[in-house]
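Right, one structure below, let's go through it.
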Amino acid sequence: AQSVAQPEDQVNVAEGNPLTVKCTYSVSGNPYLFWYVQYPNRGLQFLLKYITGDNLVKGSYGFEAEFNKSQTSFHLKKPSALVSDSALYFCAVRDGGGSYIPTFGRGTSLIVHP
Amino acid sequence: GAGVSQSPSNKVTEKGKDVELRCDPISGHTALYWYRQRLGQGLEFLIYFQGNSAPDKSGLPSDRFSAERTGESVSTLTIQRTQQEDSAVYLCASSPVAGAGELFFGEGSRLTVL
Chain A
1 AQSVAQPEDQ
11 VNVAEGNPLT
21 VKCTYSVSGN
31 PYLFWYVQYP
41 NRGLQFLLKY
51 ITGDNLVKGS
61 YGFEAEFNKS
71 QTSFHLKKPS
81 ALVSDSALYF
91 CAVRDGGGSY
101 IPTFGRGTSL
111 IVHP
Chain B
1001 GAGVSQSPSN
1011 KVTEKGKDVE
1021 LRCDPISGHT
1031 ALYWYRQRLG
1041 QGLEFLIYFQ
1051 GNSAPDKSGL
1061 PSDRFSAERT
1071 GESVSTLTIQ
1081 RTQQEDSAVY
1091 LCASSPVAGA
1101 GELFFGEGSR
1111 LTVL
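In order, the protein sequence lines correspond to chains A and B.
The first sequence begins at 1 in this note's numbering and counts up by one.
The second sequence begins at 1001 in this note's numbering and counts up by one.
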């Protein structure tokens, strides 16, 4: 079985400050990890993924995420938040040796204050 | 178009009626997924198609739900005898490679059952 947890329903941060959106996962095999962003009334857009290799993954719009195997985490980060980053963020995981179907977290609402 | 196209974007129906939702994936994408997103909740997997293989229907919540896909083209999700709890946004996604890469999402079909 595979699962993902996003422990925060909402994250508030001031513009210009660093942001972190947390994600932890559980899989039997090697994890394939993804972050997506959803703007109001839109579908999900891919931000970045970890399959193998360097634990620090860089993606779109200045976002990055760090894969931590010992803590089974894949937190999303950005050094300096923008008001336009305000959106719903989803972490997803799939078992690299098993199902082709990714499991998504409940989502975290990021609010960046001017 | 270049992206995943879903129709209708909005559908309001009466309890007990049947509805059909359509998804046109990105050309050449062999994998197609349907997810359901209820208000304030994460994405709930419904069904997965990969090429001409038998679909993975393990996420369909009841026998009122069914989906079809012809080859690697359009897919339709049908909900029979709709109930109020079926109200949600139905998201379709496609991927060029089965499970290894990110998903490309459509903007969703918002279903409201009165």
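From the three backbone atoms N, C-alpha and C, an ideal C-beta is built for every residue, glycine too.
Asked                                                                                                                             : Found
Against chain B: residues of the region 38-65 of chain A by CB proximity under 8 Å                                                : N41, R42, G43, L44, Q45, F46, K49 and I51
Beta-carbon proximity of A/L76 to A/C91, cut-off 9 Å                                                                              : yes
Residues of its chain near B/R1110, where Cβ-Cβ distance is below 6 Å and the 5 sequence neighbours each way are ignored          : N1010 and V1089
Cutoff 9 Å: A/P102 Cβ touching any chain B Cβ                                                                                     : yes
Chain-ordered residues of the region 64-91 of chain A with a beta carbon less than 8 Å from chain B                               : F90
Boundaries of the beta strand (DSSP E) in which B/E1072 is found, first to last residue                                           : It is not in any beta strand (DSSP E) - B/E1072 carries neither H nor E in the DSSP assignment.
Where the beta strand (DSSP E) through B/A1093 begins and ends                                                                    : A1088 to S1095
Reduced DSSP category for B/S1027 - H, G, I as helix; E, B as strand; rest coil                                                   : coil
Cα-Cα separation, B/A1002 to B/E1107                                                                                              : 13 Å
Distance between B/Q1080 and B/G1101 (C-alpha atoms, nearest Å)                                                                   : 32 Å
Any C-beta of chain B under 9 Å from that of A/Y25                                                                                : no
Cα-Cα separation between A/S70 and B/E1014, rounded to whole angstroms                                                            : 50 Å
DSSP-derived helix/strand/coil call for B/E1102                                                                                   : coil
Chain-ordered chain B contacts of A/G107 [CB-CB under 7 Å]                                                                        : G1042
Contact residues within the region 1023-1039 of chain B, judged by C-beta distance below 8 Å to chain A                           : A1031, Y1033 and Y1035
Validate contact between the region 1062-1075 of chain B and the region 1015-1035 of chain B using beta carbons, cut 8 Å, 3 pairs : yes
Short CB-CB distance (under 9 Å) between B/E1072 and chain A                                                                      : no
Run of the beta strand (DSSP E) containing A/I111, from where it starts to where it stops                                         : T108 to H113
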